[in-house]
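Below is one structure, written out as structure tokens, with a few remarks after it.
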Amino acid sequence: MTGSKAAEGRVTALDHARLLLAKAKAQKADADVSGRERAEGRLAPVGGPVPSVARVQQALDTAGVERALPTHPAVRELLGGASLRGGSAYSVRESAALVMALMAGPSAEGAWCGVVGVPSFGAEAARGLGVDLERLVLVPDPGREWLSVVAALVDALTVVVVRPPGEVTPGEASRLAARLRTRGAMLIAYGSWPGSEARFEIESNTWSGLGDGEGLLSARLATVAVTGRRAAVRARHDLWLPGPDGTVRSAEPARLAGAGDQDVWTEQIGAVG
Numbered sequence: 300m301t302g303s304k305a306a307e308g309r310v311t312a313l314d315h316a317r318l319l320l321a322k323a324k325a326q327k328a329d330a331d332v333s334g335r336e337r338a339e340g341r342l343a344p345v346g347g348p349v350p351s352v353a354r355v356q357q358a359l360d361t362a363g364v365e366r367a368l369p370t371h372p373a374v375r376e377l378l379g380g381a382s383l384r385g386g387s388a389y390s391v392r393e394s395a396a397l398v399m400a401l402m403a404g405p406s407a408e409g410a411w412c413g414v415v416g417v418p419s420f421g422a423e424a425a426r427g428l429g430v431d432l433e434r435l436v437l438v439p440d441p442g443r444e445w446l447s448v449v450a451a452l453v454d455a456l457t458v459v460v461v462r463p464p465g466e467v468t469p470g471e472a473s474r475l476a477a478r479l480r481t482r483g484a485m486l487i488a489y490g491s492w493p494g495s496e497a498r499f500e501i502e503s504n505t506w507s508g509l510g511d512g513e514g515l516l517s518a519r520l521a522t523v524a525v526t527g528r529r530a531a532v533r534a535r536h537d538l539w540l541p542g543p544d545g546t547v548r549s550a551e552p553a554r555l556a557g558a559g560d561q562d563v564w565t566e567q568i569g570a571v572g
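For the sequence shown, my numbering assigns the number 572 to the last residue and increments by one with no breaks.
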């Protein structure tokens, strides 16, 4: 009986993700296909019928592969001026703010995003960093079907964030990589991910906002290390995550502009290989 209930729970998690995707797929297909048809004068701009399965598939099949995605300026600087790439996977060592910054560029330009296995994901914090919540699909607890849920999201969305429940095998990563390339989607993983295009890791944090032992931490200056798949040496950058004004942006090393006379607290974080 217990096994049956567990199985039902796993199916429910996957089915729930598919139900959420139905709306995303229809809206994405309608935007992609109707935009072309509207330009040719063949489709009314508002109030058309729900896209057919054929139209949905047409939009999905024409997704760009290995395409440059809109990239937040601060993230672009972390990547040495390069853009995030559709068809690729990126890994972030346990920094929700950095994950949201990676999401923000594509999301601000209309891309749909999905988050899997992160029940603590702060939607309002994401909104503050530029993520459009109206184009966000959340699957907080996918259970053992997490990989199937991620694969389903990759079929329809541009950006998929996942926190795997355990270590990801090279085989699992390879199968999903093929799907990412086919669909032109981008994966952002909390923690390590085999074959990731780049790894982002916060090495130290300098917090500001406390004065005389009172007040709130209002800004964080983070030293971010970035290791590319083909790079032997890490690049390091200082990034406001966020700054005193609430935005994510690059910063001068060791500079706390706008912190005034407020106390500063520095935290060193052990690096991982």
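We put the beta carbon where it would ideally sit given N, CA and C, even for glycine.
Just so you know, these numbers come straight off a predicted model, no measurement behind them.
Practice task
Alpha carbon to alpha carbon, how far is residue 394 from residue 498? Give it in angstroms, no decimals.
Solution key: Start at 1 with the first residue of the sequence shown, and residue 498 comes out as number 199. Start at 1 with the first residue of the sequence shown, and residue 394 comes out as number 95. Their Cα atoms are separated by approximately 12 Å.
Exercise for the section: Entirely within the segment 405 to 443 and at least 3 residues each: give me those beta strand (DSSP E) ranges in chain order. Expected result: 412 to 415, 435 to 438
Problem - Span separating the alpha-carbon of residue 449 from that of residue 485 - result: Looking up residue 449 in the sequence shown gives position 150. Looking up residue 485 in the sequence shown gives position 186. Using only the alpha carbons, I get a separation of about 11 Å.
Practice task
Output the distance between the C-alpha atoms of residue 405 and residue 370, rounded to the nearest integer angstrom.
Solution key: To locate residue 405, count along the sequence shown from 1; it is residue 106. To locate residue 370, count along the sequence shown from 1; it is residue 71. Distance between the alpha carbons of residue 405 and residue 370 is about 6 Å.
Practice task
Provide the residue span of the beta strand (DSSP E) that contains residue 448, from first to last.
Solution key: Within the sequence shown, numbered from 1, the residue matching residue 448 stands at position 149. Taken as a continuous stretch (DSSP letters only), residue 448 belongs to no beta strand (DSSP E), being part of the alpha helix (DSSP H) at 445 to 455.
Problem - Check whether residue 453 and residue 459 have beta carbons under 8 Å apart - result: On the sequence shown, position 154 is the one that residue 453 refers to. On the sequence shown, position 160 is the one that residue 459 refers to. For residue 453 and residue 459, yes; Cβs fall inside 8 Å.
Exercise for the section: Grab the span of the alpha helix (DSSP H) containing residue 473 for me, first residue to last. Expected result: Walking along the sequence shown from the start, residue 473 turns up at place 174. Element bounds for residue 473: 469 to 482.
Exercise for the section: For residue 430, I'd like the list of residues in its chain whose CB is within less than 7 Å of its CB, leaving aside the five on either flank, ordered along the chain. Expected result: Taking the sequence shown and counting its residues from 1, one reaches residue 430 at position 131. So the list reads 399, 402, 403, 406, 412, once near-sequence residues are dropped.
Problem - Boundaries (first-last residue) of the beta strand (DSSP E) holding residue 538 - result: Counting from 1 along the sequence shown, the entry for residue 538 is found at position 239. Its beta strand (DSSP E) spans residues 534 to 539.
Problem - residue 502 - partner residues in DSSP beta bridges - result: Along the sequence shown, one-based indexing puts residue 502 at 203. None; residue 502 has no bridge partner.
Exercise for the section: Would you kindly work out how many angstroms separate the C-alpha atoms of residue 385 and residue 456, rounded to a whole number? Expected result: Sequence index remark: in the sequence shown, residue 385 carries index 86 (1-based). Sequence index remark: in the sequence shown, residue 456 carries index 157 (1-based). Each residue's alpha carbon lies about 11 Å from the other.
Exercise for the section: Would you decide whether residue 396 is buried or exposed? Buried here means 16 or more other CB atoms lie within 10 Å of its CB. Expected result: As a first step, residue 396 is located in the sequence shown; it is residue number 97 there, counting from the start. Residue 396 counts as buried, since at least 16 other C-beta atoms from the protein chains shown sit within 10 angstroms of its C-beta.
Handout entry: Pair within 8 Å by beta-carbon distance, residue 488 and residue 387
Key = What you label residue 488 is simply residue 189 of the sequence shown in a count that begins at 1. What you label residue 387 is simply residue 88 of the sequence shown in a count that begins at 1. Not in contact: residue 488 and residue 387 (Cβ atoms no closer than 8 Å).
Exercise for the section: Use the C-beta contact count for residue 462: other C-beta atoms within 10 angstroms, 16 or more gives buried, fewer gives exposed. Expected result: The sequence position of residue 462 within the sequence shown is 163, counting from 1. Buried: at least 16 other Cβ atoms inside 10 Å.
Exercise for the section: Look at the alpha carbon of residue 424 and the alpha carbon of residue 481, and state the distance between them as a whole number of angstroms. Expected result: Looking up residue 424 in the sequence shown gives position 125. Looking up residue 481 in the sequence shown gives position 182. When rounded, the distance between both Cα atoms is 31 Å.
Practice task
Output the distance between the C-alpha atoms of residue 433 and residue 465, rounded to the nearest integer angstrom.
Solution key: To locate residue 433, count along the sequence shown from 1; it is residue 134. To locate residue 465, count along the sequence shown from 1; it is residue 166. So the two alpha carbons sit approximately 30 Å from each other.
Handout entry: Simplified DSSP assignment, three categories, for residue 373
Key = Along the sequence shown, read from residue 1 onward, the residue named residue 373 stands at position 74. The three-state secondary structure of residue 373, taken from DSSP, is helix.
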